[in-house]
Amino acid sequence: MSNQALYEKLEQTRTILSVKLAELINMTTIADRDNDDDDSFAQENSELAIATSSVMMVNNQTMQLIKNVQDLLSLTRSIKEKWLLNQIPVMGHSEEARFDENQIEQLLDSCIKSFIAEETT
Amino acid sequence: MTTEEPAPKQSDSEIGIKLALDPNLITLALSSNSNSNLHSPASDEPVPKSEEKVDANAHLEGDEVENKTKKDNDERLKFLKNKNSLVSNPHEIYGSMPLEQLIPIILRQRGPGFKFVDLNEKELQNETNQRDDDDADDSSNNEKKNGNAEDENVQVGEDFMDVDYEDKDDSLNLLNEAEHKTNENGEADDNVETMMTQEQFVKRRKDMVEHINLAMNESSLALEFVSLLLSSVKESTGMSSMSPFLRKVVKPSSLNSDKIPYEPPTKEEFIELDILNKGWKLQSLNDSKDLLRKSFNKLSFILQNEHDYWNKIMQNISNKDVIFKIRDRSSGQKLLAIKYGYEDSGSTYRHDRGIANIRNNIESQNLDLIPHSSSAVKSTDFLHSVKKFLRVRIFTKIESEDDYILSGESIMDGDGDNDEAEAKDIRKQIQILKKIIFEKELMYQLKKECGLLISYGVSIENENKVIIELPNEKFEIELLTLDDDSIVNHEQDLPKINDKRANLMLVMLRLLLVVMFKKTLRSRVSSPQRVTNLKVDNDVLLIRPILGKVRFANYKLLLKKIIKDYVLDILPGSSITETEFKREESQGNENIDDENITRLNKEIRAFDKLLTVPKRELEINLPPSEHKSPRLSLILESPNYCNALIHIKFEDTSEANAVAFDTTFSDFKEVEDFLHFIVAEFIQQKKI
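Chains A and B, in that order, are what the protein sequence lines are. Using UniProt numbering, you'd call the opening residue of the first sequence number 1 and step up by one each time. Using UniProt numbering, you'd call the opening residue of the second sequence number 1 and step up by one each time.
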C-alpha cells in the first residue's frame, strides 16, 4: 500500500470512528425533548421504536466502532510491515578490513603445520 | 282564385307554412306571430298537398320499399331535431314528406270521418272562402284544432315528444341548465359522430367498455368487501352477496372492524413510556458498554501481542537479515519469513533454501522459527532432531595388527548444553539453523569433490560419511545428528592425541567453504551471468587443499630421504636448503575498481595460504671444492594438490664441457635413479 493510500485509509477510519461515536452518544440521550409535542413523542417512543433504536445502538453503532478500531490496528500492522520489508539504505560499510591478513596467514600456517607435523612424525 | 293567389303565396313564403299541423310548430308560431299563423293554414294547406303528392310519388318510386318505415321514423326524428335547432322551414319538410306520412296528417287535421277521396279542389276553395268570411271565429277554431292535433301527436310519437317536454322543463329549470347544455353538446357530438371514421368509433367504444368494466370491478370489489365485513355479523346475508371465489378462498367472518376512539396518552402513560424509554436506553447503553469493554480487552490483548511481536522483531532482526512476506502453505496465513541460508552470500546449495517462517508463539511469549523444509514438525523438536553437525575423526593405523584405532575426534560445538536458552532466543535459533545448513552444504560439497579423488584414497562410505585414507591413517568426515549413538555414548571419553588435528581439519574445511562462497560472490558481482552450478574441477576445493598438504609433506619426506640416501650420504659435507616459492601476486581482476570486489579479493587472498598449490625448492649445497661447485636443485610441486612433480636441475659450468640438466619426473623411483646417475657421473667423478 502506498503512503497516500495509507493516509487516506487512516483519514477515513478516523472520520467513521468519530461519526459513529457521536451517533452512539446521540442515541443514548435520555433527556426529555421539550419542544416536541405529545403526539410526536408518543409516536417516537412507541415500545417498538424504542427497542429498535436501542438495538441499533448496541449492534450497529458499537460494532462499527469496534470494527474501525480493528481497521486501525491492521493499518498499524501494514505500516510496520512496510517499515520492515522496505529496503533499508546501506549505512556505509562497517570498519574496513576487520582482519589482518598477515595474522590470518600466520594462523593458517601454524594450523597447517600442526596438522601435518603431527601426522608426519 | 287569381286575386287570392298572391295572398297565399305571400303566406307561403313567410308564415303560411307555420300552419303546419304539428303542435311543435304551433308553439313556435305562438311565440312569433299568432295572427298570421291563424290565418294562413287553411289557405295554404292545399297547395303543399297537391304539390307534395307528385313529389312524394316520385320519392316513393326511388326509395326502396323495405326501408320505408325506417326512413319515416328517421325523417321524423330529423324533422324534430331541425325544429329544435331552429331550422324552421316546415314547408320544406312537408314538401319533402312522403305521401304516406302527409296523408295521415291531413286526415287527422280534417278530423274523424273525413275521407281523403272527398278532398278535392272545389271543396278546398270553398273552405278558404269560408275562412276568409268568418275571420273572427278563426283563431278559436284554430286553437281547438291545434289542441286536437297535439293530442294525436302525443299518441303517435311519444318517444320524440319526451325530449321536447324535457327541453321545456329544462329551460325553466335553471339548476339543470348545465346538464341541459351537456345534453345539447352530446347531441351535437352525436351529430359529429355520424361523420366519424370507423376506427374512431371503435376506439371510443372500446374506451367506454373499459371504463365500464373498471367501474364494475370497483363496485364488485366494494361489494365483496362489504359482504365480507357483513358476514361477521350476519353470515347468511354476507354470504349471499359474496362471489363464489371469495366464498371459497376466504373464511367468512374473518374480517371485522371496530371503531376505536383515539385516546391521547394520559399523564401516567406518558411517564411510563418515558421511563420505558429511559430504561431501554440505559440497558442498551450497558450492553454497548459491555460490548465495547469486551472488544477493548480483546483488542488490547491483540495489540499487546502485536507490540511484543514487533518489539521482538525489532530486537532480533537487523538490516542484515533478509525478511519477506510469505503465505503459510498449511494454514494460508500471512507470515513474515526470514532467510537464514547463505544463498545471498554465495552459496549454491539448492536442497535447502534456508527459509524459515517467523511465528509468534503466544504461550511462550517468543518468536518461533519454523524452517520451511519441515513445517509439520514443531520447531523445537525440529531443531533437536535435525540438528546436524560434521565430525572429523582420525584413525591411526596399528602397524602390527593392520587395523585402525581412533586417535582423534573433533569436538562437538560447545553450545549444545544450553538447549533451553537456545529455544527461547530467536537469534540463537537462527544461528543454529545457519550452522546446520552450513554443515549440510559442506557435506554436500565434500561428496561432490570426492568423485575426483577416488584414486587418492578418498571414498564415500555412505550418504553422510566421507573417508580419506592415507598410508598410515584414516580420516572420517561424517554428518551426524545430535542424538547419534556414537556421540551419546562417548561424551565422557578422555581427550585423545589427535583431537586437535581433527578440530583443525574441520576448521579448515569450513574456512575453505567460506572461501568458496566468496569466490562465487565475486564472480556474481563481476560477471553478468549468474553462476548457478559450481564446476567441481576448479571451484570445489575442500578436501584437495588439505589432502594436498598432507600428501605434499609426505612427498617431501620421501624426497628428502631419497636425497639423503643418494646425495648426502655419498657426498659428505653437503646439506639441503629448503625454500618456499612465494605465491604469485594477485591476478587480473585486481584492476576492477569496485569497492566490494576489492574487498572480496582481499578477503579471498587472506586464505591463499590454504589454497596455494604447494611448491618447494630443495637446494642441495654440495661440499665446497676447489672448483666452482655445480648446482643441484630439486623442485617439488603438486599442481592438482595431490600428485607430485619433481623438477631436477643440474648445472655444472666449471669446466669447458658444461653440463646442464632440467628434467621433470613424476615417479620417485626415477628420481632416485637420476640422482644416483648425476652424483655418480658428474660430482663424484669430478672429485676423483
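Where a beta carbon is used, it is the ideal one built from N, C-alpha and C, also for glycine. Since the model is a prediction, treat every value here as computed from it, not as a measurement.
Inter-residue CB distance, residue i and residue j (contact presumed, cutoff 8 Å)
i, j, result
"S78 of chain A", "S284 of chain B", "About 34 Å; that fails the 8 Å criterion."
"Y404 of chain B", "L547 of chain B", "With 8 Å as the limit, Y404 of chain B and L547 of chain B do not qualify as a contact, their Cβ atoms being about 18 Å apart."
"L636 of chain B", "I563 of chain B", "Not really, about 11 Å apart at Cβ, beyond 8 Å."
"K334 of chain B", "R327 of chain B", "6 Å"
"L479 of chain B", "M443 of chain B", "4 Å"
"P630 of chain B", "I683 of chain B", "7 Å"
"R501 of chain B", "I394 of chain B", "6 Å"
"I323 of chain B", "I302 of chain B", "Not confirmed; about 22 Å, so no contact."
"L622 of chain B", "L571 of chain B", "6 Å"
"E439 of chain B", "F475 of chain B", "Between F475 of chain B and E439 of chain B the Cβ distance is about 17 Å, and since that is not below 8 Å, they are no contact."
"I430 of chain B", "Y340 of chain B", "5 Å"
"Y349 of chain B", "E463 of chain B", "Not confirmed; about 16 Å, so no contact."
"G408 of chain B", "N498 of chain B", "2 Å"
"L482 of chain B", "K387 of chain B", "4 Å"
Partners in chain A for residue i, counting only beta-carbon separations shorter than 7 Å
i, result
"E263 of chain B", "In chain order: nothing, as chain A lies at least about 11 Å away."
"M508 of chain B", "C111"
Interface partners of residue i on chain B, CB under 7 Å
i, result
"I116 of chain A", "K549, V550, A553"
"V58 of chain A", "S284, D287, S288, L291"
"M80 of chain A", "According to the sequence provided, residue 80 of chain A is Lys. The question's Met does not apply to it. The answer, in chain order, is W310."
"T62 of chain A", "S288, L291, L292"
Contact set between residue i and chain B, taken where Cβ atoms lie within less than 8 Å
i, result
"R77 of chain A", "E306"
"I104 of chain A", "A606, F607, K609"
"K20 of chain A", "By Cβ distance, chain B contributes nothing, its closest Cβ being about 11 Å from K20 of chain A, past 8 Å."
"L65 of chain A", "L292"
"E101 of chain A", "K602, R605, A606"
"L24 of chain A", "S288"
"L6 of chain A", "By Cβ distance, chain B contributes nothing, its closest Cβ being about 16 Å from L6 of chain A, past 8 Å."
"L73 of chain A", "L299, I302, L303, E306"
Chain-ordered chain B contacts of residue i [CB-CB under 9 Å]
i, result
"Q70 of chain A", "S295, L299, I302"
"L10 of chain A", "Residues of chain B passing the Cβ test: none, with the nearest at roughly 17 Å."
"L17 of chain A", "Chain B residues near L17 of chain A: none, gap ~12 Å exceeds 9 Å."
Contacts of residue i in chain A (Cβ-Cβ under 9 Å)
i, result
"F324 of chain B", "L85"
"L504 of chain B", "C111, I112, S114, F115"
C-beta atoms of residue i and residue j nearer than 8 Å
i, j, result
"F517 of chain B", "S300 of chain B", "no"
"H647 of chain B", "T664 of chain B", "yes"
"L512 of chain B", "P545 of chain B", "yes"
"L228 of chain B", "M242 of chain B", "yes"
"I604 of chain B", "F650 of chain B", "no"
"G354 of chain B", "I426 of chain B", "no"
"E343 of chain B", "T396 of chain B", "no"
"W280 of chain B", "I50 of chain A", "yes"
"N305 of chain B", "N360 of chain B", "yes"
"S231 of chain B", "S257 of chain B", "no"
"L446 of chain B", "I411 of chain B", "no"
"I468 of chain B", "G451 of chain B", "no"
"I432 of chain B", "S526 of chain B", "no"
"T13 of chain A", "L84 of chain A", "no"
"I543 of chain B", "E461 of chain B", "no"
"V58 of chain A", "L291 of chain B", "yes"
"F116 of chain B", "L102 of chain B", "no"
"F581 of chain B", "S638 of chain B", "no"
"E101 of chain A", "A606 of chain B", "yes"
"L24 of chain A", "S288 of chain B", "yes"
"D576 of chain B", "K561 of chain B", "Per the sequence shown, the amino acid found at residue 576 of chain B is Ile instead of Asp. No, they are not a contact pair."
"K549 of chain B", "I116 of chain A", "yes"
Residue i: contacting residues in chain A (beta-carbon distance under 8 Å)
i, result
"I313 of chain B", "L84"
- Query: Taking a cut of 9 Å between CB atoms, which residues from the stretch 606 to 619 of chain B lie near chain A?
  - Reply: A606, F607, D608, K609, L610
- Task: Decide yes or no for the touch test of the stretch 3 to 14 of chain A against the stretch 49 to 65 of chain A: beta carbon pairs closer than 8 Å, at least 3 of them.
- Result: no
- Chain-ordered residues of the stretch 419 to 452 of chain B with a beta carbon less than 7 Å from chain A: none
- Message: Three or more C-beta pairs under 8 Å: does that hold for the stretch 219 to 228 of chain B against the stretch 236 to 250 of chain B?
- Response: yes
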